[in-house]
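If you're matching them up, the sequences are chains Z and A in order. Each residue of the first sequence is one higher than the last, beginning at 108 in the numbering used here. Each residue of the second sequence is one higher than the last, beginning at 108 in the numbering used here. Below is one structure, written out as structure tokens, with a few remarks after it.
2 protein chains.
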Amino acid sequence: MAAGQGSASGTDGQDTPAPDVAHALAAADARCARAGAQLTELRRQVLGLVLESDQPLGAYALLDKLKALRPGAAPPTVYRALDFLLEQGLIHKVERLNAFVGCVEAGHDHAHGHDHHHPHQFLICRDCGTTVEISDHAVAHALEAAAQRVGFTAIQATVEIEGRCATCSAAA
Amino acid sequence: MAAGQGSASGTDGQDTPAPDVAHALAAADARCARAGAQLTELRRQVLGLVLESDQPLGAYALLDKLKALRPGAAPPTVYRALDFLLEQGLIHKVERLNAFVGCVEAGHDHAHGHDHHHPHQFLICRDCGTTVEISDHAVAHALEAAAQRVGFTAIQATVEIEGRCATCSAAA
DNA sequence: GCCCGCATCGTTATACTGTAACACACATCG
DNA sequence: CGATGTGTGTTACAGTATAACGATGCGGGC
Chain Z
108 MAAGQGSASG
118 TDGQDTPAPD
128 VAHALAAADA
138 RCARAGAQLT
148 ELRRQVLGLV
158 LESDQPLGAY
168 ALLDKLKALR
178 PGAAPPTVYR
188 ALDFLLEQGL
198 IHKVERLNAF
208 VGCVEAGHDH
218 AHGHDHHHPH
228 QFLICRDCGT
238 TVEISDHAVA
248 HALEAAAQRV
258 GFTAIQATVE
268 IEGRCATCSA
278 AA
Chain A
108 MAAGQGSASG
118 TDGQDTPAPD
128 VAHALAAADA
138 RCARAGAQLT
148 ELRRQVLGLV
158 LESDQPLGAY
168 ALLDKLKALR
178 PGAAPPTVYR
188 ALDFLLEQGL
198 IHKVERLNAF
208 VGCVEAGHDH
218 AHGHDHHHPH
228 QFLICRDCGT
238 TVEISDHAVA
248 HALEAAAQRV
258 GFTAIQATVE
268 IEGRCATCSA
278 AA
């Protein structure tokens with residue numbers, strides 16, 4: 108079993124045995140422990156699959172991968188795990204793609220007390236589809252200010268910028 | 108032709124409850140004319156339905172309403188119209204709700220030359236579900252700046268802020 | 001007039017995304 | 001032991017969106 112981490116399924120040229128993933132999983136463990144949440148085997152597997160991919164994965168793509176580890180997996184299997192991971196802030200959903208990515212800050216060890224969602228934004232390249240997560244505080248502040256201006260109390264923001272990444276810009 | 112739309116009546120042929128809607132439709136006409144696009148009867152009907160609603164409408168809710176005007180309407184009927192209206196910037200999609208709203212700026216008469224998408228943001232209340240569109244330039248600039256900081260060329264941004272509207276905040 | 005290409009729309013079928021509902025296993029607690 | 005709560009397996013279904021093909025109508029070139 109446990110061979111699951113590295114050579115996923117001949118994805119692309121990049122075959123990362125990913126010590127990053129192992130580290131992120133350990134951080135996730137600590138985070139869940141602090142939050143009193145259980146990072147079960149299933150949830151860890153799903154998180155691992157999301158983290159392994161450098162690009163957003165749809166729920167059913169994830170399901171396909173998960174089936175290699177859990178033959179009986181069905182849609183609710185993966186959706187329940189995803190819901191948990193979203194609640195814990197370990198992954199984010201890219202609404203425009205109906206897909207999920209590991210959270211860039213999940214690996215950071217914050218002082219306890221900061222266990223919730225952090226502001227984040229996605230940059231999605233129209234040409235190559237590459238999706239990058241950033242966490243820009245100026246954007247967060249602008250959003251907060253804009254909301255307050257109309258008496259709205261912001262809790263969480265979905266920000267997804269579509270455009271052209273540096274690589275594709277250079278190519279064009 | 109007695110396809111009533113519920114409220115307004117009495118006026119001859121035209122069955123438009125809101126003068127806002129009529130105005131917006133006229134503006135849409137002008138806009139499409141300038142863009143060399145055809146605002147056909149179907150598209151105008153769908154746009155009218157979206158504009159009539161003060162809240163986001165899902166494609167199938169829209170389809171149900173459209174069936175009153177066009178018995179044969181099917182999913183592609185409404186999706187094609189929505190695609191056109193999105194391209195023309197006459198409506199926006201709220202990704203988190205899989206729903207569509209009329210564009211707040213579509214009714215404004217801009218100097219020609221400004222026929223494309225404008226920056227916009229949605230405020231979605233968790234309690235009452237009310238969705239409001241704003242167009243905050245500070246947010247737009249912050250997004251642009253954040254993107255440029257990583258060499259990304261922004262073309263269009265989806266911004267949806269979830270939280271509590273003024274009314275629901277006051278109630279709580 | 002006639003043909004052709006194009007955009008629009010009708011129609012059927014299907015793919016993709018997400019949930020409801022119920023059953024079972026196990027752990028904790030009185 | 002029974003009761004409760006969480007996590008998971010399993011079946012079925014709801015909701016969202018698109019593919020594919022046909023029919024119509026309109027404008028341009030012959």
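Note that beta-carbon positions come from the ideal geometry of N, C-alpha and C, so glycine has one too. The structure displayed is predicted, hence computed values, not measured ones.
Cβ neighbour criterion (16 or more within 10 Å) applied to residue i
i	result
residue 253 of chain A	buried
residue 194 of chain A	exposed
residue 234 of chain Z	exposed
residue 196 of chain Z	buried
residue 138 of chain A	buried
residue 274 of chain Z	exposed
residue 257 of chain A	exposed
residue 188 of chain Z	buried
residue 255 of chain Z	exposed
residue 243 of chain Z	buried
residue 249 of chain Z	buried
residue 277 of chain A	exposed
residue 140 of chain A	exposed
Expected contact under 8 Å - CB spacing of residue i and residue j to nearest Å
i	j	result
residue 260 of chain Z	residue 151 of chain A	That pair is no contact at about 37 Å.
residue 267 of chain A	residue 201 of chain A	6 Å
residue 247 of chain Z	residue 226 of chain Z	4 Å
residue 154 of chain A	residue 132 of chain A	7 Å
residue 269 of chain A	residue 264 of chain Z	7 Å
residue 174 of chain A	residue 168 of chain A	No, residue 174 of chain A and residue 168 of chain A are not in contact; Cβ-Cβ is about 11 Å, not under 8 Å.
residue 237 of chain Z	residue 229 of chain Z	That pair is no contact at about 10 Å.
residue 158 of chain A	residue 128 of chain A	5 Å
Within-8 Å CB hit, residue i to chain Z
i	result
residue 137 of chain A	no
residue 171 of chain A	no
residue 234 of chain A	no
residue 230 of chain A	yes
residue 202 of chain A	yes
residue 198 of chain A	no
residue 186 of chain A	no
residue 222 of chain A	Its pLDDT being 49, under 50, residue 222 of chain A is placed unreliably in this model, and the value from its coordinates should be taken loosely. So, not an interface residue.
Min CB distance residue i to chain A below 8 Å
i	result
residue 273 of chain Z	yes
residue 190 of chain Z	no
residue 276 of chain Z	yes
residue 111 of chain Z	Bear in mind that a pLDDT of 40 at residue 111 of chain Z, under 50, signals an unreliable position, so the model cannot answer this.
residue 159 of chain Z	no
residue 219 of chain Z	Bear in mind that the predicted position of residue 219 of chain Z carries a pLDDT of just 48, short of 50, making it unreliable; the figure below should be weighed with that in mind. With 8 Å as the cut-off, residue 219 of chain Z does not count as an interface residue toward chain A.
residue 127 of chain Z	no
Using a Cβ-Cβ cut-off of less than 7 Å, list which residues of the region 246 to 269 of chain Z approach chain A; keep chain order.
Listed by position, the residues of the region 246 to 269 of chain Z near chain A (Cβ gap below 7 Å) are 246, 249, 250, 252, 253, 254, 257, 258, 259, 260, 261, 262, 263, 264, 265, 266, 267, 268, 269.
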